[in-house]
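Engineer:
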Amino acid sequence: MAQVSRRSFLQVGTGTALASLVPGRHFVLAAQQATAPTGEQVRFASIGVGIQGSSLLRAAGTLPQAQCVAACDLYDGRHTLAREIAGQGISTTRHYHEILDDKNIECVVVAVPDHWHKQITVDALGAGKDVYCEKPMSHSIADGEAMVRAVTGGKNFVQVGSQRVSSPLFIKAKSLFDEGAIGDLLQVELMLGRNSPGGAWQYPVLPDLSPATLDWETWQGNVPKKGFDPIAFSRWRCFHEYGTGMAGDLMVHLLSGMQYVTGINAIPDRAYSIGGIRRWKDGRNMPDIQTTAFMYGYVPVLIRLTQGTETPEVTRILGSKGILEVTNNSVILSPQSGVDRSPDYGINGFPEVLHAAYEKQWHREHDPEFAKHMLDEATAWHGPSWDDLHPHLANFFDSVRTRKPVAEDVIFGHHAAAACHMANNSYFEGKELRRT
Ligand SMILES: NC(=O)c1ccc[n+]([C@@H]2O[C@H](COP(=O)([O-])OP(=O)(O)OC[C@H]3O[C@@H](n4cnc5c(N)ncnc54)[C@H](O)[C@@H]3O)[C@@H](O)[C@H]2O)c1
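In terms of the numbering used here, the numbers along the sequence shown are unbroken and rise by one, the last being 437.
#1: Where residue 407 and residue 162 are concerned, what is the direct C-alpha to C-alpha distance, given to the nearest angstrom?
#2: Mind checking whether the beta-carbon of residue 136 lies closer than 7 Å to any heavy atom of ligand 1?
#3: May I ask you to report which of helix, strand or coil DSSP gives residue 163?
#4: Taking 8 Å as the threshold (C-beta atoms), are residue 114 and residue 284 in contact?
#5: Ligand 1 and residue 84: does the residue's C-beta get closer than 7 Å to at least one heavy atom of that ligand?
#6: Only counting runs of 4 or more residues, tell me where the alpha helix (DSSP H) segments fall wholly within the segment 113-137, in order along the chain.
#7: Tell me whether residue 219, by its Cβ, gets closer than 7 Å to a heavy atom of ligand 1.
#8: Assuming residue 174 is part of the alpha helix (DSSP H), what are its boundary residues?
#9: Is the closest heavy atom of ligand 1 to the C-beta of residue 174 under 7 Å?
#10: If you run the structure through DSSP and keep just helix, strand and coil, what is residue 421?
#11: For residue 326, list the residues DSSP reports as bridge partners.
#12: Tell me the rounded alpha-carbon separation between residue 46 and residue 118.
#13: Give me the residue from 342, 311 and 433 with the minimum Cα distance to residue 294.
#14: Among 291, 221 and 149, whose alpha-carbon lies nearest the alpha-carbon of residue 424?
#15: Leaving aside the five residues before and after residue 188 along the sequence, list all residues of the same chain whose C-beta is less than 6 Å from its C-beta, in chain order.
#16: Would residue 232 pass as a contact of residue 206 if the rule is Cβ separation under 8 Å?
#17: Within the 8 Å Cβ cut-off, does residue 53 reach chain C?
#18: Compute the Euclidean distance between the alpha carbons of residue 366 and residue 27, then round it to the nearest angstrom.
#19: Assign residue 354 to buried or exposed, taking buried as 16 or more other Cβ atoms, counted over all protein chains shown, within 10 Å of its Cβ.
#20: Look at residue 59 and residue 73 and say whether their C-beta atoms are less than 8 Å apart.
#21: Does ligand 1 have even one heavy atom less than 7 Å from the beta-carbon of residue 75?
#22: Verify the contact flag: residue 250, CB atom, against every heavy atom of ligand 1, threshold strictly below 7 Å.
#23: May I ask which residues mark the beginning and end of the beta strand (DSSP E) holding residue 276?
#24: Measure how close the beta-carbons of residue 411 and residue 148 come, nearest whole angstrom, since I'm counting them as under 8 Å.
#25: Is it right to say residue 226 is buried, meaning 16 or more other beta carbons lie within 10 angstroms of its own, or is it exposed?
#26: Looking only at C-alpha atoms, which of 344, 83, 414 and 322 sits nearest to residue 183?
#27: Where in the segment 218-306 do unbroken runs of the alpha helix (DSSP H), each at least 4 residues long, occur, reported from the N-terminal end onward?
#28: Compute the beta-carbon to beta-carbon distance between residue 164 and residue 388, rounded to the nearest angstrom, for a pair I have assumed lies under 8 Å.
#29: With distances taken from CA atoms, which of 43, 42, 81 and 136 is nearest residue 55?
#30: Are there 16 or more other CB atoms within 10 angstroms of the CB of residue 170, so buried, or fewer, so exposed?
#31: Let me know if residue 144 comes out buried or exposed under the rule of 16 or more other beta-carbons within 10 Å of its beta-carbon.
#32: So, at 8 Å on beta carbons, what are the nonlocal neighbours of residue 43 in its own chain, with the 5 sequence-adjacent residues on each side left out?
#33: What are the start and end residues of the alpha helix (DSSP H) that includes residue 365?
#34: Spatial neighbours of residue 37 within its chain, please: CB distance less than 7 Å, with the 5 preceding and 5 following residues excluded, ordered by chain position.
#35: In the structure shown, what three-state DSSP assignment does residue 92 receive?
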């Protein structure tokens with residue numbers, strides 16, 4: 002890690018705006034390098050090659066550790082896409098059990114909509130495969146519990162795909178937190194805002210999508226069946242039958258980062274969530290603004306999500322000695338001394354003679370100390386986006402080979418997802434929920 006002067010930093014692209022906003026010291030964090038293979042390449046298959054599955058496949062193709070040998074998807078166009086990315090030599094199928102039956106495949110990367118996560122993950126574990134399962138790990142708390150049981154009862158593991166826990170920015174934030182940089186953990190604020198059709202998941206419908214090119218019956222899973230619905234296929238995040246709304250799509254990332262930095266690895270004790278469908282009245286049944294208050298033991302965690310107004314994504318951790326703030330490309334530590342810097346406001350109520358005496362005495366006692374460090378100086382670390390899939394995938398493939406624990410295991414993923422389900426359940430039921 003190199004320290005750069007403020008002047009030289011301002012010539013670097015990443016984080017320039019922040020550098021101009023945050024006085025103090027600035028550092029640049031290096032991107033993590035893919036580790037060298039520790040043996041022969043891991044043979045994996047992709048199950049679900051849509052928006053995220055294709056990104057994962059592209060990322061995996063740049064890693065030395067792994068080789069894609071097969072891909073599965075219910076929509077045939079994604080067989081084409083998978084071969085375009087991973088090569089014409091891979092096999093493709095609509096039936097994930099064919100992947101699980103193939104003994105040459107060691108692990109699977111599961112990037113299907115949320116309502117399919119549990120079944121494919123449990124079946125894959127049962128077939129002796131390690132699983133990279135996209136976030137939110139589960140579609141309900143009961144699904145998450147079943148996934149935890151499937152791991153604890155077997156020899157294979159799950160890595161959950163909220164990749165920012167593997168980002169250099171969050172790793173830095175965690176090390177600062179663990180060193181006690183902000184003192185006692187008191188409160189957490191998390192926020193994220195979007196304001197565009199894409200940000201509200203109004204994704205385009207594939208022109209050739211039809212019951213001939215897609216196995217629509219299977220895609221619906223255990224959800225009550227309905228006729229072919231290209232909007233549900235393309236924008237499933239908007240519907241609680243298949244997705245988990247902003248909580249499972251966005252909040253889960255913020256909570257995963259919070260859990261990772263603070264070491265809180267638990268389901269919240271209490272959750273209360275409010276919001277509504279205010280901006281995107283397009284038939285969706287999940288809120289487009291949602292504010293949630295969680296209580297984790299003694300720590301309140303407040304989360305504001307919106308698809309109606311664009312705002313930065315921020316993880317702000319408040320402690321007795323200052324603030325640790327993680328944004329898309331930076332970590333900022335703002336220490337606070339926690340002491341009065343002038344005679345107390347309360348002496349305004351003192352008569353003049355007493356006021357003057359108090360003030361004189363106060364300055365005699367405190368000014369020598371303040372002269373040594375006049376200001377609390379913030380420090381900022383700038384780095385690659387926290388959304389980089391590569392280190393998280395590399396960690397998974399390394400663990401498949403070495404059997405060392407993954408960065409984001411099934412318990413961690415279950416806790417983060419369960420909090421999201423509590424938030425959604427609270428929103429729909431209109432009341433505070435407590436962990437049972
Ligand atoms: N980690 C991240 O930053 C990130 C980003 C985007 C999406 N995701 C997650 O990735 C998952 C997929 O999201 P997406 O945007 O790629 O969705 P998508 O709809 O674009 O792709 C999902 C694909 O899964 C296929 N599929 C569904 N059920 C299947 C089954 N039973 N067998 C085989 N294939 C099946 C669909 O046909 C589709 O092609 C979701 O859980 C989402 O929350 C994570």
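Yeah, the Cβ is synthetic: ideal placement off N, Cα and C, and Gly gets one too.
Computed from a predicted structure; not experimentally measured.
Structural biologist: Let me spell this out:
#1: Cα to Cα, the separation comes out at about 11 Å.
#2: Look at residue 136: its beta carbon is less than 7 Å from one of the heavy atoms in ligand 1.
#3: Secondary structure at residue 163: coil, using DSSP grouped into helix, strand and coil.
#4: Their beta carbons are not under 8 Å apart, which means residue 284 does not touch residue 114 by this criterion.
#5: In terms of side-chain proximity, the C-beta atom of residue 84 is found no nearer than 7 Å to any non-hydrogen atom of ligand 1.
#6: If we require 4 residues or more, the alpha helix (DSSP H) runs fully inside the segment 113-137 come out as 118-127.
#7: Yes; taking the cut-off as 7 Å, the Cβ of residue 219 has a heavy atom of ligand 1 nearer than that.
#8: In the DSSP assignment, residue 174 falls within the unbroken alpha helix (DSSP H) covering 169-179.
#9: Relative to ligand 1, the beta carbon of residue 174 is positioned no closer than 7 Å to any heavy atom.
#10: Look at residue 421 here: in three-state DSSP terms it is helix.
#11: Residue pairing for residue 326: DSSP places it in a beta bridge opposite 317 and 333.
#12: Near 15 Å, if we compare the C-alpha coordinates of residue 118 and residue 46.
#13: Closest in alpha carbon position to residue 294, among 342, 311 and 433, is 433.
#14: Residue 424 has its Cα closest to that of 291, out of 291, 221 and 149.
#15: Cβ within range, chain order: 301 and 319.
#16: A contact, by the Cβ cut-off of 8 Å.
#17: No chain C is present in this structure, which holds just one protein chain.
#18: Whole-angstrom Cα-Cα distance: 34 Å.
#19: Exposed is the label assigned to residue 354, since fewer than 16 other Cβ atoms lie within 10 Å of its Cβ.
#20: Not in contact: residue 59 and residue 73 (Cβ atoms no closer than 8 Å).
#21: Residue 75 has its CB nearer than 7 Å to a heavy atom of ligand 1.
#22: Yes, since a heavy atom of ligand 1 falls inside the 7 Å radius drawn around the Cβ of residue 250.
#23: Judged by DSSP secondary structure, residue 276 falls within the beta strand (DSSP E) whose first and last residues are 271-277.
#24: With a beta-carbon spacing of about 6 Å, residue 411 and residue 148 fall inside the 8 Å limit used to define contacts.
#25: So residue 226 counts as exposed.
#26: Looking from the CA of residue 183, the closest CA among 344, 83, 414 and 322 belongs to 322.
#27: 231-235 and 253-263, all fully within the segment 218-306.
#28: Confirmed, Cβ separation roughly 7 Å.
#29: Measuring from the Cα of residue 55, the nearest candidate turns out to be 81.
#30: Residue environment analysis places residue 170 among the buried positions, since at least 16 neighbouring C-beta atoms fall within 10 angstroms of its C-beta.
#31: Buried, by the Cβ-count rule.
#32: 66, 67, 68, 107, 108, 398, 401 and 402.
#33: For residue 365, the uninterrupted alpha helix (DSSP H) run begins and ends at 353-373, by DSSP.
#34: In this prediction, residue 37 scores a pLDDT of 48, lower than 50, which makes its location untrustworthy; no coordinate-derived value is stated.
#35: If DSSP states are grouped into helix, strand and coil, residue 92 belongs with the strands.
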